[in-house]
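Q: First residue of the sequence shown? That's -4 in the numbering used here, and the numbers climb one at a time after it.
Dropping the structure in here first, questions after.
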Amino acid sequence: SDRIRAQKGLAHFKHILDQTLDCVFLFDSRTLRFMYVNLGAVEQVGYTEPELLAMTPLDIKPGYDEARFRETMAPLIGGERDHLTLETTHVAKSGKRIPVEIFLQYFPEGPDHGQCIAIVRDITKRKKIELLIKKQREELQIILDSAPAAIWYKDKENRFLRVNNAAAKRIGMDPRDIVGKSAFELFP
């Protein structure tokens, strides 16, 4: 009856992990082979659970070979860090590249050695927004720099956040030397 209760508890725990919105990958720290993947992981990369359980993180991470991957994990396994957060790309079975943010932890206890758990979030939308913001900032800077009038804006502490070329020319300084300083610092 204890074994049946343990199996029911494990099944319930797996059901909870399958309902999470993020992907969960548990892998062996020595062989790197996946030991558990949740439904989110299966849906994200498009491989079946049995296919993933025959794979390693290297199979879905372009640009990582085993040496580089182990180097990335070294601070965890060596006890220097309790977790790592990194941005990378996963490649789905279809070949689609998915930008992801990974929260990685190492658990040294285990039958023979430790395991790593990776909580993975698809950041496709965030990357698109970041790219859009970057493009808008570049366009804004082009507009500001081409304006003949001196234009700048400051934060609440009266520090210059951005100045255009006309403003920098009037002040007699390079724009890079103005941004981050207050008028009091520039003109004591």
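Yeah, the Cβ is synthetic: ideal placement off N, Cα and C, and Gly gets one too.
#1: On the three-pair Cβ rule with 8 Å, is the segment 119 to 129 touching the segment 28 to 46?
#2: Does DSSP put T83 in a helix, a strand or coil?
#3: Which residues mark the beginning and the end of the alpha helix (DSSP H) in which K164 is found?
#4: Restricting to Cα atoms, I'd like to know which of F98, S89, F182 and K88 is closest to H78.
#5: So F20 and A87 are in contact, right, with Cβ under 8 Å, and what is the actual spacing, rounded?
#6: Using beta-carbon positions only, say whether Q39 and V115 come within less than 9 Å of one another.
#7: Measuring alpha carbon to alpha carbon, tell me which of A69, P57 and F155 ends up nearest D84.
#8: Using three-state DSSP, classify F102 as helix, strand or coil.
#9: Nearest to K151 by CA position, among I55, L181 and K176, is which residue?
#10: What whole-angstrom Cβ distance do E61 and L53 have, given they're in contact under 8 Å?
#11: Once the 5 residues before and after N160 are set aside, which same chain residues still bring their CB inside 6 Å of it?
#12: Have a look at the DSSP bridge pairing and note the partners of E75.
A: According to the structure shown:
#1: Taking 8 Å as the limit for Cβ pairs, the verdict is that the segment 28 to 46 does not touch the segment 119 to 129.
#2: Residue state, collapsed to three classes: strand.
#3: Element bounds for K164: N160 to I166.
#4: Of F98, S89, F182 and K88, the smallest CA-CA separation from H78 is found for F98.
#5: Taking C-beta atoms under 8 Å as the contact rule, F20 and A87 fail to qualify, at a distance of about 14 Å.
#6: Judged by beta-carbon spacing, V115 lies within the 9 Å limit of Q39, meaning their Cβ atoms are closer than that value.
#7: With the sequence shown as reference, residue 84 is identified as Thr, and Asp is not the correct amino acid for it. It is P57 whose Cα lies nearest to the Cα of T84.
#8: Residue state, collapsed to three classes: strand.
#9: Residue K176 holds the alpha-carbon nearest to the alpha-carbon of K151 among I55, L181 and K176.
#10: Yes, E61 and L53 are in contact; Cβ-Cβ is about 6 Å, under 8 Å.
#11: Here N160 has D140 as same chain residues with Cβ atoms under 6 Å from its own Cβ, once five neighbours each way along the sequence are excluded.
#12: Residue pairing of E75 in beta bridges, as defined by DSSP: absent, with no partner found.
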